Structures are given as structure tokens and as C-alpha cells.
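Just so we're aligned, residue 1243 is where the sequence shown starts under this note's numbering, counting upward by one.
A virtual CB, placed ideally from N, CA and C, is assigned to each residue, including glycine.
A quick note: this is a predicted structure, and the numbers were derived from the prediction, not measured.
I have placed the structure first, in the form of C-alpha cells, so that the comments after it can refer back to it.
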Amino acid sequence: MAMTADALREAPVFSMRTATGDGDCMPEMLDARRTAPVVRVPFAGRQAWVVCEPALARTALIDTRLSKDVRLIPDWMRVPGSMLGSQPPPENGVAMVMSEGEEHARIRRAHAESFSPRHTQTWQQHVRDVVATLLDRLTAHDGAETVNLVDTFAYPLPITFFSEMLGLPPEIQPTMRRITEEIIFHSDMAVRQTAVPALYGTIAACLEERSKLGPGLIGDIISHVDGDGRTVTPAEAIIWTVGLVIAGWESTASLISSALYEALRRPVAERPTTEEEVAAWVEETLRVHPPFLSATWRFATEDVELGGYLLPEGAPVLVNLASANRAPAETPEDFDPAGAGRGHISFGLGHHFCLGAPLARLEARVAVQAFLEAFPKAQLGDVGLTWQSEWLTRRLSVLPVHLKGKGGS
């Protein structure tokens, strides 16, 4: 029987980093769960609810009363420069991640075939080709030199491959990378206020000059006709492409960087070598280092009881994936690929499960195995390792690596 509102517990207040900056807030995300299964976090002069306990997190991800509908975003959360604050009016179309019901199903149908596991396998050789090109460039570095593997390998792979998959012209890749990094990781809100419309504008310019687009997912989306004869509008194509760029580039680069970080901080004999070992390594990386520390925003459509805690109607809610993936006693250093990810929820659950999960796994597995084969003696650099994070996102911005080991060849 449901508990009455008077019998429900109020989630305790817990302070955590809500603004992007250098440093690793993973310990905070794990401490939140040790505080309570559900916590309230001061945010933008108000508060947000964060679900931390594993079973409750899974429940929250599939509870239809916690909706991602863009129309439910409260005015006080529409901060200029943020992705929430910059969402176009719903009548112009909505992003997949901020939609529900039939609208969400329609958007997902338009993308589904291109991201199916069967279709993803057709891209495998192309991923290998991009990886091979990047590794060839790395061999030009002196073995005594420390390189930032984020800039030279982990990021160029998804941005190059995914741009070609979308059909975006290669000359805009540097601009797109700069803009997306500013949106997600820049600490200056003024920069983010400029970057968000710049991203929409860059994509819009590409779509307006269709001759610049190569064959790829954008063209497939534009030509998609739904079962009821409804076609995709130009505004929808722009909004959907922006969502694909942010999800497809940043998260995959973070996954690759984190997987290589875990490998290179260990002796050569403890690193994965076979395809099976690499696949398990990637799954454990997803569990321990989810690119998104929290699932994106949900909003309570009514008073919701969750584990004896009240999430009041209208409450903005995050699901703490970082803590939900771990046992209570685990530390940020724990990493056990033998567990093969132990049922992580880093890609979400239910109808919002990440559509690009097969592609992200493919890119990460190919990248990790090929790099470790090409540079079997590579080691982490002594200084410079840098995390950037806040309660939603986390990545390595600097991964210093000696390609041939600290002793040279």
C-alpha cells in the first residue's frame, strides 16, 4: 500500500558540484549514496532531487511519472547558455532525450535502423580504418615524448567517424569540437551562452547547403517518412542532429579515454589482449567511469513516492548512475573486468535506453585493442592527468602517455 505524504521521509540535503570545472567529483557522487538513497542538492537557488541507491535508480529510470518532456522544464531551470535553457520551442520539434510518448517513439523510429546492432556492424571496418590512421599519426611522435591521448586519439576517433556517419563535411569538425566542448565543459556561462546557438547555427548552415552533406544519417533522417506519412521538418533535423553530436562525440571520447587510463595505469601483463578481454574491459569501464555521471533530467508529473522518500510534483530529478553502478563499499579506484560490468545502467533503461550503445561499444573496443597492440609498452605520464566534471558529466581532458614507455624503445 502506498505511503501517505505525511509518512514519507524528506530527502536530506547534500552539497555536490553542479558547475563544470577541473577535478574529479566522482567521490562526491559516491558519498551522496552513503548519505541517503535519495538526496536533495542545492541548485540555481532552488533544489533538485538525486536518486542514488541502485534499486531505486532502476525504478526511477522506468517510472513514467518521472518524465523527460521538454514542456515540463520549470522556468527557473531555463538558464541562458544551458542546453535546457536553449531548447527550441516544442512546436519546432524536440530532441529525443527531451521527449515522451508518441513524439519520442516517432523520433526513435527515425533513428532506429541506423543505430541497430545489425547496421552498426557494417561500420566496423570504417571504425578500424579511422583508428589505423590515428595510430599511424601517433607513431610519428618520439618515444620519449608525452602525448595527450585525449587530443591525439580518444577524441579524434568519434568526431571523425561520427561526422562521416552523419554526412557532415570534414572541414567543420574542428569548429564542432570546440563548440561542443564549450557547451558541456566550459565554466564560463557567457561562453556557453554563445556556444549553444553557434552549434545550432553550424548544423543549420550545413543542412541549408545540402550539397555539402555527404551520404549519411542526416540525409536518412531528412528523407524519413513515418507510417502516417509525416516527414521530418528542417527544424527537427537540426535539433536531432545537435543531440546526436553531443551524445555521440563527447560520451564516446570519454569512454575511450577512461578505458585506456585503466589499462595504462596497470602493468603490461594485466592489460586486456583478446577481443573477449577487451569487451569485458569496456563494460567495466562503463560501470566504473560512466561518461554521464547522472542520467539527464526528469521531472515529477505528480507527487512520487520512491523508497519512502517524497519527490514532489514538479521536482527536477537526476538518477545518479555513478553510485547506482557500484556496491556500497566500493571506492573510486575499484575496477574488476572479471565482473564484465556487473549489470551497469550507464546507457539507461526502458524506452530511453541509449540508442547509440552498440556503436559506442564498437568504437571503444576497436580503439582499445588497436592502441594496446600498437603501443604495448605505453605508460601513463608522471604528471598532467586532468579530470573535468560536475554532477552530470565527467571526462579526462588530459591523459598523458609515454607511447614507448618511460625507458624509451
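When C-beta atoms of the segment 1519-1527 are compared with those of the segment 1425-1441, fewer than three pairs fall below 8 Å, so the two segments do not count as touching. Residue range S1536 to A1542 is occupied by the beta strand (DSSP E) that includes S1536, with no alpha helix (DSSP H) assigned at that position.
Looking at the DSSP output, L1308 sits in a beta bridge with A1542. For A1606, the closest of I1464, A1396, V1293 and L1591 by C-alpha to C-alpha distance is A1396. Taken in chain order, the complete beta strand (DSSP E) segments of 3 or more residues contained in the segment 1471-1519 number zero; there are none. Straight across, the Cα-Cα distance linking A1446 with L1410 is about 11 Å. Selection V1392, G1343, E1492 and R1350 evaluated against G1626 yields V1392 as nearest (Cα-Cα). In the three-state scheme derived from DSSP, where H, G and I count as helix and E and B as strand, V1373 is classed as helix. Residues P1574 of the same chain have their beta carbon placed closer than 8 Å to that of P1269, with the five preceding and five following residues left out of the count. One alpha carbon belongs to A1337, the other to P1579, and they sit about 34 Å apart. In the three-state scheme derived from DSSP, where H, G and I count as helix and E and B as strand, H1644 is classed as strand. Under DSSP, W1523 shares a beta bridge with no residue. Residue range T1628 to S1631 is occupied by the beta strand (DSSP E) that includes T1628.
A contact between stretches requires three or more CB pairs, one per stretch, nearer than 8 Å, and the segment 1307-1319 fails this requirement with the segment 1417-1428.
Between S1356 and D1462 the beta-carbon gap is near 6 Å, inside 8 Å, which marks them as a contact.
The closest CA to that of T1260, considering only F1285, L1486, G1456 and A1278, is found on F1285. By a beta-carbon distance limit of 8 Å, I1304 contacts G1592. Their separation comes to about 4 Å. With respect to P1533, L1497 sits close: the two C-beta atoms are nearer than 7 Å. Sixteen is the threshold: when 16 or more other Cβ atoms of the shown chains lie within 10 Å of the Cβ of W1491, as they do, the residue is buried. Per DSSP, V1280 lies in no alpha helix (DSSP H) segment; the continuous beta strand (DSSP E) that holds it begins and ends at V1280 to F1285.
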